[in-house]
Structure formats: structure tokens, C-alpha cells
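Input: a single structure, listed below in C-alpha cells.
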Amino acid sequence: MTTLAAKARKHAPIFLVAAFALLPLAGTAQAQKSGGSITVGQELDIPGFDPLKVGVYDTSTFTAAAAIFDTLTTLDDKGEAAPKLAVSWSHSDDYMTWTFKLREGVKFHDGTPFNAQAFKENFDRQKDPANKCRCAFYITNVKEVLAPDDTTIVYKLTDPSVNLPAVITIQSQNNAIHSPTAWKTKGDDYNRNPVGTGPYILKSWTAGDRMVLEKNPNYWDKGRPYLDRIILKPLPDAQSRFASLQSGEADIIWDDEADADNILKAQKDPKLTVHTYKGSGAAVYAFNTKVAPFDDVRVRQALVMAIDRPKMSQAISNGLSRPASNPYGDGSWVKCKDDGALPFDVEKAKALIKDYGKPVEFKMLVTATPRGRVVGQVLQQFWKRVGANMEIEQVDQATIPSRAFTRQFQMTPWRIVDLADPDPQMYANFRSGSPLALAGLSNPELDKLLDHARVTPDLGQRTEDYCAISRLINKEAIWFWTFQNTYYALSSARLKGFPKIYNGVIDVSRTWLE
Amino acid sequence: MLNFVVRRLLAILPVLLAVSLLTFLIASLLPGDLALVILGDQATPENVAALRRDMGLDQPLWWRYLSWLGHVLQGDLGRSFRTGQTVLQAVAERIPVSLQLMLMAEFIGLLIGVPVAIACAARAGGAFDRFMTGSAFAMLSMPSFLVAILLIYLFAVELHWLPATGYVPFTEEPLNNLRFFVLPALTLALAEWPGIMRVLRSDMIATLQEDYIALAKAKGLKPARILFVHALKPSSLTLVTVTGINIGRLLGGTLIVESIFALPGIGRLLVGAIYTRDLVILQGVVLLVACGFVIVNFIVDMLYAVLDPRIRHGHA
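The listed protein sequences derive, respectively, from chains R and Y. For what it's worth, full-length UniProt numbering labels the leading residue of the first sequence as 1, then goes sequentially. For what it's worth, full-length UniProt numbering labels the leading residue of the second sequence as 1, then goes sequentially.
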């Protein structure tokens, strides 16, 4: 968001962006070519698309969802909300109501017209308590969605949100818009037969093998998409995924820092392009301050001060991981002169533990993956050096959220994902009483800052609030941050038009082959 | 023979029952609560309690086992809570891939192992025998993921002869299908042939010392005829057992190999189920695989009896 836009918002609560609708979505100087087919190597099998079944989309599902479905809004290259199925939007003075004007004449792949009623049905289906959808958790801040006429929808929020259009851009379980006719007629089978309004139509899907998406000839954005066909393949092994890219069986692959050697290798290969996006957010850890020894701030501070992030980065990702000192990251518009980060200081940490006077022994949850184990072991060594004994408790990925939500942990890993605005996650993670406030600390000053930041349109003021929040959390050491989020995709150099990897989504729906 | 078959069939029933109990216990005794996993972010204590009630998780273990077994006996192995697919659907989609992989691996393993064993046994202690026995030992110590990556780099990345990953069904493109299977099957086979070779080699050496072989030699039969016709069959008894047991071992190998080569088989299904804690799929697949293993062993027993009549009469 530019300061100009922020100023305009401040002075005119009704800020229409209809003019943006006339601009092409991905304005770029290169000439796009139509035709051809690409294969995308993904990390995981896609479980399906019906939010009621899969609950929450994973990184592989995001890629398919970005091609099959549209969202109301999208993020442009500057990270600002731009029109997609919504052409313009406005908000009430208190940011509790947002009104979106929808694009006309758009149809789902099965011919069902896309209109306000269809959108509302999508929303109501997720929200309906009878459906018990895990997806409902992420829209608890929306009281209801109204459809006063065919081309207007109104979001009624329970809490103010100054940046809603940017927040709802991710192709997630909540934002991807499905054809109501399709889920009603297909029932249980809908999960594997998704129907959206997006640039590609699902043609075939062999379980565990390939998903074939074909160009939607009636796509509303004339001239797009460029590729005739996209093939998505789960290639779970990082080494063979990279080999598939090298040998030409895949044109673009998902990758992450755990596969640092191949990323470094690809950087030197002229036939390959490394797409890097330094997002917002970070890999973070929460202390449960309700249980010993973390009910004492000295212990928490000591453990944070004992971590040598550059050395850890070297150990886990060949130096690719970028140290984090706050929860926002380089990709965020929040830039702090002083984020209050505790320094790396082994002597000070030892002194704090000594001052605490009791043995510091605790268990830390880590994911039962090679990466989780290594991270656990590295931290274990740092903490041992300052006199704290950590025992690694390995659990599978799916167990961590449930253990965290029921507070069955002393220390747990977590993640602040790349979102266009820090508010949703910061508010959920740190506001007293939130089910996600894992540390269990109630701090009136922190609450006041969080409340203020979410209703203030002025970016300068919000930045100050969020930096003050960071200073407070760092001082109290209720959470700590190890590395900033960085997202990777490796592709053949022929693949062009690949957008920024917002929130880790490999969106190939706008790409073309040279 | 019929008597023998019936006796063996009756003997595997308790085994199958034990398999079902163990499978059930594995999934039930794993740390963590299925209700918590399914609900994830929605896991409030009330929701968890309600779901546990709905799923019968609040019932005693023996009751849950019997009720699960009852469903299993009616062919209902449950439904994945992630994808909504039934276990049988998921397995039916994946099993042809794993079967093809295992059969091809076993075939290649035999193709390498049997001739090498015969050649080694023909001149036991010779240079070729010593070299191959050493190589077999070296191959046995190579982990399959390493072999897989080496094969991929050589044949896919450097030489471009074979694809690194992927799959097409045999019914769609038979030749291409075989191309996709060569490297994964070879990876498994490279770990298989040493066992096959060593077993057959030592049995063959023993057989070649029998009197009737000496007689055959005295009669002036060609060495090749003696080796392949007179010595191979009586020497292959242990080989049949090993081949049977290998099917079980190969199933373990497919977990790694299918993931590396991105083959959509049950190994991948199982790894995915473990990764996402899809206990219903996990339980169902383990049960089916274990039953498959028991049945393969039964078939091996039958073959054994065909090869050596003394076994079916209970003399050996």
C-alpha cells in the first residue's frame, strides 16, 4: 500500500478503485506468447478442493487453486490489492463494513453464472456450524456476508480491518470461489471435481500422479491465459524433483531452504531460473508462559539470547535462511528502526539462568521431519551451552496445531505466514483471550497497541504501533523468531511471467513459454 | 494335496486375526488423538468430545476393535477424513502400480541373480565367483535411496535415456509405461539380486556334489544341460522361499522408491497417510498389505509342496 493510497483513504472513506479494473492484471513489458504446456513439480499430493473436506489448503493445493479458481481481489506486483472478480470496493468509516462491486458476465466452468448470491453461498457454507468446517476458523472475524443485489456483496466484520481487500487475495480454502451448482450436484465427489471461474479447467486427475488443467476458452480476462495446458505432478522427493527439472520432465518446481544445495546449484545453471520471494512473516516459536520454567521471563530471555542465528542458518540451510528479529520480515511494509530484538549474548544468557536458580528443563515440540529434527538439535546445542536442558519431542505436522490449540506444550514451533497485512495474525497471536494466543500472556499495553493498529488507516502510525508491539514481545520474550519467510521456485529459463510467490503460492496461471 | 491346502488355510486364519488386531492397535495406540487431528484449529474441548462420541472413540478398546473388525469383514475399511475416498477405492487405484513395480523388480532381480548364481556355482571359488560374491556384498550394503539418486543422475540427468520421475498407466501407453518403471524396478532389483544369487549359489554348489550329478557327468552330458536341467530345479527350493519373503521386503522398499520416482503406488499412499496422520487410510493399507503378505506366504508354501512332495506328506 502506498502512502498516497493511505492518505486518500484517510480523507475519503469511500475509496473507489474502479479505474484499476481497466488495467490488465499483470502489466508487464515482455510480450506474452500463447500456447504450449508446462509441468509443475509439487511437493505434496493434493487432497482435494472442497473446504468442507480438506479444511485448509496446503502449498500444492494453492497452485492448483490459483489456476482453477478466482478470488475477489489479487495482489499486484507492488503488493497492493487489485481487482479480480471484484472490480471496486469501499469501506465504512469504522472499517467494520466492506462493500465489493462484482465483475459482470463471469461464468463458472459449468455455466453457472457468478454473482453475489453465488459468493454468499460459498461463504455461508463454510460458516454454517452444521458443516463443522475447519475452514470456518479463518473467517471468524466476518459476521456475515450480504448480497443486496446481483453485483454487490457486503462483508460485515466483527472487528475492524483496514486492509481487508489485500488480506483476502490468497487462493485459500476461504477465498477460492466454487460453483454452488457443482458442489450441490456432485456431493461427496465434488472434492475431486472442483469447478471455479478461473483461467484453467480441471480436465483429468489421476490420484497420486497427475492433474491436467486446460485453458478456459471463455475466461473473462480476454487474451489470458497463455498456456494451453498445465500439468501438476506430485514429486515428493526433493532430489528427484530437481533431477526432473534438470532433465526437462518438469518446467517449474516447488523448493525450499531445506534443499539449499540444489537452489545454489540452480543459481549457477544458465538454463534454470531461481525465483525467490522474500516475504513477510517468519518461522517462530511460542513459549507457554503458564507453565514452568517459562513462567519466568529470565528463562525465556536467556533462551532467546542463546541463539546464534547466522550459525543456525549455516547448519540448516547452507546459509540461505535469513535471520529474523521481529515477526514482520523484509516483505512487510512494517519497517522498524528499533524492533527491540534481544542480542545474541551467551554470557548474559548464562547469568540469567544462574539468576533463575533452578534447573531449566523442558520439552520442545518439533515436527517429525528431517528438517524439524535438525532445527531441534541445533537449538538443543545452543541451550545446553547456557545451562538449559531441552528434550526434543517429535510429533507429526498435523499434531502440532491441535497440541498448540489445547496448550499441551511447553514450547512449540509455529509460523507467521506471508500476508499482505500483519493485523490478522498479530491480533490472533497476541491479543489476550484469542484462542491462538499460544503464550498465554495478558498484557494490557500489548492489547491497546493491537487494537489501535487495526483501526488506524495511517501507515506511519500503524508502523509505529507494530514496532512498539515487536519491542514489547521481544522484551517479554513470549515468542521468538528465527528466520524470515523466503519462498523458492526453480524453473526452466524459458518460463516467463511468473509472479511473486506471495504466501508461498506457485501461481503459474499467468505464465507463458518463450 | 487337498488335505494339505485345507490344513494350511486353517492355519493362516489365526494369523490373519492377529494381523487385524495388531493393525488396529498400531493405529489406536499411536500417540495423539484422531479427533484432535481431524478438528485441527477447531479443536475446542466441546468439539473434541462431540466428535469422539460420534466416532465411538470414547468406547473401550475391545469394543472398538470388534466393531471395526465387523465393518472390515463386510468390506468396509473406512473413509479418509481428508479426501473422502474409501480405503478400498484408494488402494484399488494404487495397487496396480505397486504390483507392477514389485513384479518387475523381482523379475529383474531373478534375471540378474539366477544366471550369476549358476555361473558362480559352476566354478565355485574361481575368479568370477569371488568377484561376484564380493559385488553382491557391496550391493547389499547400498541403501536404496542412494542407488535411486545415482541411477537418476546417470540415466535421466546425464544421459537422458530414461525419465527421472513420473508414470503413465500401462493401458494408455504400454511402452512409455515400461520406460517409467525401468529405473525404480532396477533400484529395487539391485538390492534383490544379491540375496537371490547367494541362496541359489550355495544350494547349487551342494547339489552339484550329489551322486546323480556325478553320474550325469560320467554319462557325458553337456555341462550346460547338467546345470540347467538336472541341478537347477532341486536347488531352487530355498530360492522360492526367498522370492516369497522378498515380496514382503519389496513392499517396504516401495515406500522409499515410489516416493523418489513419484510413482502413485500404495507405498506413496502409506507415506502420505503417515505424513498427514490419515489413520483410517494407514490402518486400512497396513491391514491389506499384511494380509497380502500372509497370502503370498501361503502360495509359497503351496509351491514348496509342488516342488518337493516330501513336504506335503509331512516328512520334511
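We put the CB at the ideal spot given by N, CA and C, even for glycine. Since we're looking at a predicted model, the values are computed, not measured.
Chain-ordered chain R contacts of residue i [CB-CB under 9 Å]
i                : result
alanine 156(Y)   : Ser240, Ala243, Ser244, Gln246, Ser247, Glu249
histidine 230(Y) : Those within 9 Å of histidine 230(Y) in chain R number zero; the least Cβ separation is about 46 Å.
proline 264(Y)   : Asp45, Thr206, Ala207, Gly208, Asp209, Arg210, Pro234
histidine 160(Y) : Ser247, Gly248
proline 163(Y)   : Ser244, Ser247, Glu249
Neighbouring residues, chain R, relative to residue i (Cβ below 8 Å)
i                    : result
phenylalanine 137(Y) : Result: empty, since nearest Cβ-Cβ is about 26 Å, beyond 8 Å.
glycine 75(Y)        : Neighbours of glycine 75(Y) on chain R: none; closest Cβ ~18 Å, over 8 Å.
serine 259(Y)        : Pro236, Asp237
glycine 248(Y)       : None at all; the shortest Cβ gap to chain R is about 22 Å.
Exposed unless 16 or more other CB atoms sit within 10 angstroms - verdict on residue i
i                    : result
methionine 411(R)    : buried
arginine 225(Y)      : exposed
aspartate 330(R)     : exposed
proline 217(R)       : exposed
leucine 320(R)       : buried
phenylalanine 409(R) : buried
threonine 140(R)     : exposed
threonine 28(R)      : Summary for threonine 28(R): the model assigns pLDDT 48, below 50, so the residue's position carries little reliability, and this model does not support an answer.
isoleucine 295(Y)    : exposed
leucine 23(R)        : Note that leucine 23(R) scores 41 on pLDDT, short of 50, meaning its location in the model is unreliable; the coordinates nonetheless yield the value given after this. When all chains shown are included, leucine 23(R) counts as exposed.
lysine 84(R)         : buried
glycine 279(R)       : buried
histidine 71(Y)      : exposed
arginine 494(R)      : exposed
glycine 497(R)       : buried
isoleucine 118(Y)    : buried
methionine 204(Y)    : buried
glutamate 514(R)     : exposed
asparagine 503(R)    : buried
aspartate 301(Y)     : buried
alanine 26(R)        : Residue placement at alanine 26(R) is poorly supported in this model, since its pLDDT is 44, which falls under 50; the coordinates are not used for a value here.
proline 457(R)       : buried
leucine 9(Y)         : exposed
Contacts of residue i in chain R (Cβ-Cβ under 7 Å)
i               : result
residue 317(Y)  : Given a span of 1 to 316 for chain Y in the structure shown, any question on residue 317(Y) remains unanswerable.
glycine 272(Y)  : Asp45
glutamate 93(Y) : Ala207
tyrosine 153(Y) : Ala243
Per DSSP, the bridge partner or partners of residue i
i                 : result
histidine 275(R)  : Ala489(R)
glutamine 484(R)  : Ala282(R)
isoleucine 168(R) : According to DSSP, which records beta bridges pairwise, isoleucine 168(R) is partnered with nothing at all.
threonine 181(R)  : Paired residue(s): none; threonine 181(R) is not in a bridge.
isoleucine 201(R) : Glu214(R)
threonine 367(R)  : Val395(R)
arginine 79(Y)    : Thr86(Y)
threonine 71(R)   : Partner(s): none; threonine 71(R) has no beta bridge.
arginine 229(R)   : Ser37(R), Glu214(R)
tryptophan 479(R) : Ala286(R)
leucine 495(R)    : Leu513(R)
glutamine 42(R)   : Pro234(R)
Contact list for residue i against chain Y, beta-carbon separation under 8 Å
i                 : result
glycine 48(R)     : Arg82, Thr83, Gly84
proline 51(R)     : Neighbours of proline 51(R) on chain Y: none; closest Cβ ~12 Å, over 8 Å.
asparagine 191(R) : Thr83, Gly84
valine 54(R)      : Arg82, Thr83
aspartate 188(R)  : Gly84
7 Å Cβ cutoff met for residue i and residue j
i                    : j                 : result
valine 147(Y)        : leucine 200(Y)    : no
proline 180(R)       : glutamate 121(R)  : yes
leucine 472(R)       : threonine 289(R)  : no
lysine 186(R)        : asparagine 193(R) : yes
leucine 270(Y)       : valine 285(Y)     : yes
phenylalanine 287(R) : isoleucine 478(R) : yes
leucine 188(Y)       : valine 240(Y)     : no
tryptophan 98(R)     : valine 284(R)     : no
Contact list for residue i against chain Y, beta-carbon separation under 9 Å
i               : result
arginine 462(R) : Per Cβ cutoff of 9 Å: no residues; arginine 462(R) is ~27 Å from chain Y at best.
**Message:** Ignoring anything shorter than 4 residues, give me the alpha helix (DSSP H) runs that lie fully in the stretch 390-466 of chain R, in order along the chain.
**Reply:** If we require 4 residues or more, the alpha helix (DSSP H) runs fully inside the stretch 390-466 of chain R come out as 399-405, 423-430, 444-455.
**Asked** Where in the stretch 82-112 of chain R do unbroken runs of the alpha helix (DSSP H), each at least 4 residues long, occur, reported from the N-terminal end onward?
**Response** Listed in chain order, nothing qualifies, since the stretch 82-112 of chain R has no complete alpha helix (DSSP H) run of 4 or more residues.
**Request:** Output the residue ranges of the beta strand (DSSP E) runs that lie fully inside the stretch 239-317 of chain R and measure 3 residues or longer, sorted by chain position.
**Result:** Runs of beta strand (DSSP E) with 3 or more residues, each lying fully within the stretch 239-317 of chain R, are found at 252-255, 272-287, listed in chain order.
**Start-end ranges of the beta strand (DSSP E) lying completely within the stretch 130-160 of chain R, minimum 3 residues** = List check, beta strand (DSSP E) in window: 142-149, 152-157.
**Request:** Run through the stretch 265-302 of chain Y for me and flag every whole alpha helix (DSSP H) of 4 or more residues, listed as ranges in chain order.
**Result:** Listed in chain order, the complete alpha helix (DSSP H) runs (minimum 4 residues) inside the stretch 265-302 of chain Y are 266-275.
**Prompt:** What are the start and end residues of each continuous alpha helix (DSSP H) run of 4 or more residues lying completely inside the stretch 319-360 of chain R, in chain order?
**Reply:** Counting only runs of 4 or more, we get 346-356.
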